[in-house]
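Those sequence lines, one after another, are chains B and E.
Note that the numbering used here numbers the first sequence so that position 29 is 36, with each residue one more than the last.
Note that the numbering used here numbers the second sequence so that position 92 is 674, with each residue one more than the last.
Where a beta carbon is used, it is the ideal one built from N, C-alpha and C, also for glycine.
Just so you know, these numbers come straight off a predicted model, no measurement behind them.
Everything below concerns the one structure shown next.
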Amino acid sequence: MATPAQDRKLRDPALNPGDQPYFDACAEGKLLIKKCGDCGEVHHYPRALCPFCFSSKVDWMQTKGTGVIYTYSVTRRGGPVPYCIAYVTLDEGPKMMTNIVDCDLDSIKVGQKVKVVFKKTENGSSVPMFTPA
Amino acid sequence: MSIKGKAYIVGAYEHPLRKAPNHSVSQLHAECAKGALEDAGLTKNDIDGYFCAGDAPGANVWSMANYMNLKQLKHVDSTDMGGCSYLVHVAHAAEAIAAGKCNVALVTLAGRPNSEGSSGTQVRDRGVNLPDAPFEMPYSPVTVNLYAMCAMRHMYEYGTTSEQLAWVKVAASHHAQHNPNAMLRNLVTVEEVVNSPMISDPLHRLDCCVVSDGGGAVIVAKPEIARSLKRPLVKITGAGESTKGQMGGNVDLTYSGAAWTGPRSFEMAGCKPSDIKYASIYDSFTITVVMQIEDLGFCKKGEGGKFVSDGNLISGTGKLPFNTDGGGLCNNHPANRGGMTKILEAVRQLRGEAHPAVQVKNCNLALAHGTGGALGHRHGSATLIMERE
């Protein structure tokens, strides 16, 4: 049995002030996280204050766009098509919520290596998703 | 300030309806309040503290206080912790009573998700200004897949199986068969659970709770008032509340906030998990129960699947009788918030008023635990320990 990943309509991210650079980078094929200039920790989702030391000296940092699947679930009911939600542990450390795409959804495994791809939302924003590396 | 022994649950009421298309939500709240007052032997004018959460119309206290015409309230609290709000409210009511801010507190919950067509596979609109939304909503997180991701990781780390999760539902169904108001009263087997349709891997349809209309209410009162009433005395002895999230990206879905609220509650109450005769454990999904049983200390982390197997949660045969009303999995999950019904069945057990087929013998110490939000990203946790005096 196989469940091929299918494209589906993606909700547009409702941006808050400060979020635009992340999605601008996505449009250029880059996945950013934030790094603290004081404590050196990286974090995701991006914030204006470091969630570890509360420093405001946080800057964008480009990731390699690679990681491993921490956990996932293929949602088979409710939506127009099955889809796979997941947390991916980036090689830089943070785990991010995402979708696993462009593969047989029945073949996905915890611990699997993945790489970033970018998918367009309904109104043309780019959002990062992952596919088996 | 410890709230141990400072307040009692004197009234409790669960609305009998599970589908109420012709009731307004405010009517359901008020009917629950009326039922709890009658149960306690008190009247509306005795209430001087009122607690409700986001399910109350307007998500504030004044709309329902106005509908019920509650006069001269001295203490109000609209803390919203999702499904566990009502456990938090009981603890906050005990604190307010201990501080002399009120004497008789009413807590209400009601909603109509069944009539309104709510489902755990729907992407819910979560409001504006949420910092996480742009980084999550494009991926369609829904209630069931957020818990499914916890289950998938639990299986990976600890070898938990679908059959073990199914035992949670089997135990709930054993209890629900005796509850005439339960939404699902049929006994189910492990095979029926694991063969029910897959909703979101690894959670099947029968791993998921019901979607029901209805509600419930409790009355919390100071000791002098509790002793003047004719009902059995249910004393609040321990409580804990917390939240857990994604920790800046250091996500760990193997445990819940119960790992913090459980120990604090036991310390306040001066007892330990093995002393508990009955436990109400939030059962939005079967995995929710397994994780929280571990986090509360009823077994070691990772051994929850084994612990719940072979009927260990069934009253009369198992070591930890749980959710003897049938829980959210079979009985009721009004307003998609199961914390109130967790308190109500614990109160029934402590009073000796549970159904005779599921009543725990000499039930003098009970725990109720709830979650709000979703274990897969952000959630609230609340624990309550109660003792029959």
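The beta carbon of residue 61(B) does not come within 8 Å of any beta carbon belonging to chain E, so the residue lies off that interface. Counting only runs of at least 3 residues, the region 859-884 of chain E fully encloses the following beta strand (DSSP E) elements, listed from N- to C-terminal order: 860-863. Inter-residue distance for residue 98(B) and residue 70(B) is about 8 Å (C-alpha atoms, whole angstroms). If one requires a minimum length of 3 residues, the beta strand (DSSP E) runs lying completely within the region 680-708 of chain E are 686-693, in chain order. Of the candidates 796(E), 962(E), 615(E), 895(E), 895(E) places its Cα closest to the Cα of residue 747(E). For residue 940(E), the secondary structure class from DSSP, reduced to helix, strand or coil, is coil.
Secondary structure within the region 731-801 of chain E: the alpha helix (DSSP H) runs of 4 or more consecutive residues, fully enclosed, are 744-758, 772-776 (chain order). In the DSSP assignment, the residues bridged to residue 50(B) are 41(B). For residue 31(B), the secondary structure class from DSSP, reduced to helix, strand or coil, is helix. Taking a C-beta cut-off of 9 Å against chain B, none of the residues of the region 838-864 of chain E qualify. One thing to note: residue 836(E) has its Cβ within 8 Å of the Cβ of residue 739(E). A distance of 8 Å or more separates the beta carbons of residue 9(B) and residue 109(B). The beta-carbon separation of residue 72(B) and residue 122(B), rounded to 6 Å, stays under the 8 Å limit for a contact.
Less than 8 Å separates the beta-carbon of residue 775(E) from that of residue 789(E). Taking the C-beta atoms as reference points, residue 863(E) is found nearer than 8 Å to residue 874(E).
Taking 8 Å as the cut-off, the beta carbon of residue 602(E) is found closer than this to the beta carbon of residue 697(E). Flagged as an interface residue toward chain B: residue 703(E), by a C-beta distance shorter than 8 Å. Taken in chain order, the members of the region 101-123 of chain B whose beta-carbon sits within less than 8 Å of a beta-carbon on chain E are 101, 102, 103, 104, 105, 106, 117, 118. Take the alpha-carbon of residue 939(E) and the one of residue 806(E): they are about 33 Å apart. Shown here, residue 652(E) sits in coil according to DSSP, grouped into three states, outside any helix or strand. Cβ proximity to chain B below 9 Å picks out 779, 780, 781, 782, 783, 784, 785, 787 from the region 769-797 of chain E. Exclusion of the five residues before and after residue 654(E) leaves 630 as the residues of its chain whose Cβ lies within less than 8 Å of its Cβ. Residues of the region 674-700 of chain E whose Cβ lies closer than 8 Å to any Cβ of chain B: none. Judged by beta-carbon spacing, residue 711(E) lies beyond the 8 Å limit of residue 803(E), meaning their Cβ atoms are not closer than that value. Under DSSP, residue 67(B) shares a beta bridge with 41(B). Annotation: Cβ neighbours of residue 17(B) in chain E (cutoff 7 Å, chain order): 720.
Using a Cβ-Cβ cut-off of 8 Å, residue 940(E) does not count as an interface residue toward chain B, since no Cβ of chain B sits closer than that to its own.
The three-state reading of DSSP puts residue 106(B) in strand, counting E and B together. One thing to note: residue 610(E) has its Cβ no nearer than 8 Å to the Cβ of residue 919(E).
Judged by DSSP in its simplified three-state form, residue 18(B) adopts coil rather than helix or strand.
Taken atom to atom, the span from the alpha-carbon of residue 659(E) to that of residue 823(E) is near 15 Å. Residue pairing by DSSP leaves residue 641(E) without any beta bridge partner. Here residue 960(E) carries a strand assignment [DSSP, helix/strand/coil]. The three-state secondary structure of residue 600(E), taken from DSSP, is coil. From the beta-carbon of residue 26(B), the residues of chain E found nearer than 7 Å are 716. Residue burial annotation: residue 782(E) is buried, with at least 16 other C-beta atoms found within 10 angstroms of its C-beta.
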